[in-house]
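Peer 1: Below: one structure in structure tokens.
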Amino acid sequence: MWVRDESYPLYNPGSCSLIDEQFDCVGNGRADTAYHKLKWKPKNCTLPRLDGSHMLELLRGKRLAFVGDSLNRNMWESLICILKNSVKDQKKAYNCSVEFYVSPFLVQEWEVEGRNGSKKGTLRLDLVGSYADKYENADIIVFNSGHWWTHEKTSKGKDYYQEGSHVYSYLKATEAFRKALTTWGRWIEARVDPTKSLVFFRGYSASHFNGGQWNSGGQCDSETEPIENETSLSIYLPWMRVVESVLKGMRGGVVSYLNVTRMTDYRKDGHPSIYRRRSMSDDARKSLSSSQDCSHWCLPGVPDAWNEILYAQLLMRLNQWNS
Numbered sequence: 001m002w003v004r005d006e007s008y009p010l011y012n013p014g015s016c017s018l019i020d021e022q023f024d025c026v027g028n029g030r031a032d033t034a035y036h037k038l039k040w041k042p043k044n045c046t047l048p049r050l051d052g053s054h055m056l057e058l059l060r061g062k063r064l065a066f067v068g069d070s071l072n073r074n075m076w077e078s079l080i081c082i083l084k085n086s087v088k089d090q091k092k093a094y095n096c097s098v099e100f101y102v103s104p105f106l107v108q109e110w111e112v113e114g115r116n117g118s119k120k121g122t123l124r125l126d127l128v129g130s131y132a133d134k135y136e137n138a139d140i141i142v143f144n145s146g147h148w149w150t151h152e153k154t155s156k157g158k159d160y161y162q163e164g165s166h167v168y169s170y171l172k173a174t175e176a177f178r179k180a181l182t183t184w185g186r187w188i189e190a191r192v193d194p195t196k197s198l199v200f201f202r203g204y205s206a207s208h209f210n211g212g213q214w215n216s217g218g219q220c221d222s223e224t225e226p227i228e229n230e231t232s233l234s235i236y237l238p239w240m241r242v243v244e245s246v247l248k249g250m251r252g253g254v255v256s257y258l259n260v261t262r263m264t265d266y267r268k269d270g271h272p273s274i275y276r277r278r279s280m281s282d283d284a285r286k287s288l289s290s291s292q293d294c295s296h297w298c299l300p301g302v303p304d305a306w307n308e309i310l311y312a313q314l315l316m317r318l319n320q321w322n323s
């Protein structure tokens, strides 16, 4: 459950210049601040507050890579801001890097020649993402995928998914997702050394479009409080059942699952909605009401809690957490 904690957020709004404009809700005119004061509390334990200075020590001499879509960029920017805010001595060097690689499907976007000689985009379900060699040796890797596996963004499944030279005339998105994650899982087992690298898969984060979807007028700008009644939460999405099935089929201990689906489902109050651009008139902002962002998250905000879970996982792996 989410509990109020006046000591939050972990960094002040406006204190981190690295936040993308689309996530800087306060800078874009959002006036309410209650969504900053919430901490995630699991049922059977108390998460430690993310100590940025200590996490920098954990990362000293290491590479942490986030790989996935713009929701993982949300998480990446959150962690950078937490770490940056914790550094008191700007001259102190930690020799660590926190990187982000764009790979929304985790497999390769491809091109084939169409009937008239033109190029047609496809998705190679049998080839891992093209930048994989750049992050395979990172000490910690956090993957995600899911939000791009929609009907619209995958050409409605028609003549889009490819394995080898075969392009499927039609394939359901959930089945394509399963094939892609299986390819990714095999690559992890073949190329990533579990004795040298810690690998995490962050689960699907809930969206809260009301009255439509992202491309059909869905809205969330009136939401200022989280959902309190568990019975009001969404059904468990099939995407995450696919993730759980693929992870279960992998060698034990190779990938740790950061399941954030249920915790984010409560947070209908945490999205940028109409507050994703700066210096707008009231009329111009109202015009955004038909194209709101109810998928990504304001920063400071919900992704800070994802990083607290990651921090707790690292503490457990390094035997530094006794809770």
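Residue numbers 1 to 323, in the UniProt record's numbering, belong to the letters of the sequence shown in order.
The C-beta atom is built at its ideal place from N, Cα and C for all residues, glycine as well.
Just so we're clear, the structure is a prediction, and the values are computed from it rather than from any experiment.
#1: Counting only runs that start and end within the segment 156-244, where is the beta strand (DSSP E) found for 3 or more residues in a row?
#2: According to DSSP, is Gly270 helix, strand or coil?
#3: If you follow the alpha helix (DSSP H) that Trp76 is part of, which residue opens it and which one closes it?
#4: The beta strand (DSSP E) that contains Thr122, what's its start and end?
#5: Tell me where the alpha helix (DSSP H) around Glu6 begins and ends.
#6: Quick one: give me the first and last residue of the alpha helix (DSSP H) that Glu57 is part of.
#7: Report yes if the CB atom of Val107 is closer than 7 Å to the CB atom of Ala206, and no otherwise.
#8: Does the beta-carbon of Ser323 have 16 or more other beta-carbons within 10 angstroms, so that it is buried, or is it exposed?
#9: Would DSSP call Phe23 helix, strand or coil?
#10: Which whole-angstrom value describes the C-beta separation of Pro226 and Asn74, a residue pair presumed to lie in contact below a C-beta threshold of 8 Å?
#11: Going by beta carbon distance, what residues of the same chain come within less than 6 Å of Ser97, once the five residues before and after it are set aside?
#12: Would you say the segment 137-147 touches the segment 179-199, given that touching needs at least three Cβ pairs under 8 Å?
#13: For Ala305, which residues from the same chain have a beta carbon less than 6 Å from its beta carbon, with the 5 sequence-adjacent residues on both sides left out?
#14: Check whether the Cβ atoms of Gln22 and Arg276 sit closer than 7 Å, and answer yes or no.
#15: Given this structure, state the Cα-to-Cα distance separating Ser17 from Asn85, to the nearest angstrom.
#16: Go to Tyr311, then tell me how far its alpha helix (DSSP H) extends in each direction, as first and last residue.
#17: Do you know how far the Cα of Cys45 is from the Cα of Ser130?
#18: Pair every Cβ in the segment 204-218 with every Cβ in the segment 154-161, then say whether three or more of these pairs are closer than 8 Å.
#19: What is the DSSP secondary structure of Ser17, reduced to helix, strand or coil?
#20: Quick check on Ala132: does DSSP put it in helix, strand or coil?
#21: Considering only the beta carbon of each residue, do Asp265 and Trp148 sit closer than 7 Å?
#22: Is Asp24 near Thr224, with beta carbons less than 7 Å apart?
#23: Sorted by chain position, which residues of the same chain lie with C-beta nearer than 8 Å to Ile309's C-beta, five sequence neighbours on each side aside?
#24: Taking buried to mean at least 16 other C-beta atoms within 10 Å of its own C-beta, is Ile235 buried or exposed?
#25: Roughly how many angstroms lie between the CA atoms of Asn28 and Ser197, to the nearest whole one?
#26: Do you know whose CA, among Gln162, His296 and Leu171, lies nearest Thr122's CA?
#27: In this structure, how does DSSP classify Asp293 when only helix, strand and coil are distinguished?
#28: Which residue comes first and which comes last in the beta strand (DSSP E) that contains Ser256?
#29: Considering only residues of the same chain and omitting the five flanking positions on each side of Arg178, which have a CB-CB separation below 6 Å?
#30: Comparing alpha-carbon positions, which option in Arg124, Met1, Gly249 and Arg60 lies nearest Leu171?
Peer 2: Looking at the atomic coordinates:
#1: For the segment 156-244, whole beta strand (DSSP E) runs of length 3 or above, ordered along the chain, are 161-163 and 198-202.
#2: In the structure shown, Gly270 sits in coil (DSSP, three-state: anything other than H, G, I, E or B).
#3: Looking at the DSSP string, the run of the alpha helix (DSSP H) that includes Trp76 is Ser70 to Ser86.
#4: Where Thr122 is concerned, the enclosing beta strand (DSSP E) stretches over Lys119 to Val128.
#5: Segment: none, Glu6 is in no alpha helix (DSSP H) and carries neither H nor E.
#6: Unbroken alpha helix (DSSP H) run through Glu57: Gly52 to Leu58.
#7: Contact: no.
#8: Its pLDDT being 46, under 50, Ser323 is placed unreliably in this model, and the value from its coordinates should be taken loosely. With fewer than 16 other Cβ atoms within 10 Å, it is exposed.
#9: When DSSP states are grouped into helix, strand and coil, Phe23 belongs to the helix group.
#10: Their Cβ separation, rounded to whole angstroms, is 18 Å, which puts Pro226 and Asn74 out of contact at 8 Å.
#11: Closer than 6 Å at Cβ, skipping near neighbours: Arg63.
#12: A contact exists between the segment 137-147 and the segment 179-199.
#13: Excluding sequence neighbours, Ala305 sits near Trp40.
#14: Yes, they are a contact pair.
#15: Rounded to the nearest angstrom, the two C-alpha atoms are 11 Å apart.
#16: Note, Tyr311: alpha helix (DSSP H), Val302 to Arg317.
#17: The alpha-carbon separation between Ser130 and Cys45 amounts to approximately 39 Å.
#18: No: fewer than three Cβ pairs fall under 8 Å.
#19: Three-state DSSP puts Ser17 in coil, outside helix and strand.
#20: The DSSP-derived three-state label of Ala132 is helix.
#21: Annotated as distal: Asp265 and Trp148, with beta-carbon spacing of 7 Å or more.
#22: Taking 7 Å as the Cβ cut-off, Asp24 and Thr224 do not qualify as a contacting pair.
#23: Its chain contains Trp40, Leu47, Leu258 and Val260 as the residues whose beta carbon lies nearer than 8 Å to that of Ile309, once the 5 sequence neighbours on both sides are disregarded; these appear in chain order.
#24: The residue is exposed, with fewer than 16 neighbouring Cβ atoms inside 10 Å.
#25: Put simply, the backbone Cα of Asn28 is about 38 Å away from that of Ser197.
#26: Distances from the alpha-carbon of Thr122 to those of Gln162, His296 and Leu171 put Gln162 closest.
#27: Reduced to three states, the DSSP call for Asp293 is strand.
#28: Here the beta strand (DSSP E) through Ser256 covers Val255 to Leu258.
#29: Same-chain partners within the cutoff: Val242.
#30: Of the listed residues, the one whose Cα sits closest to Leu171 is Arg124.
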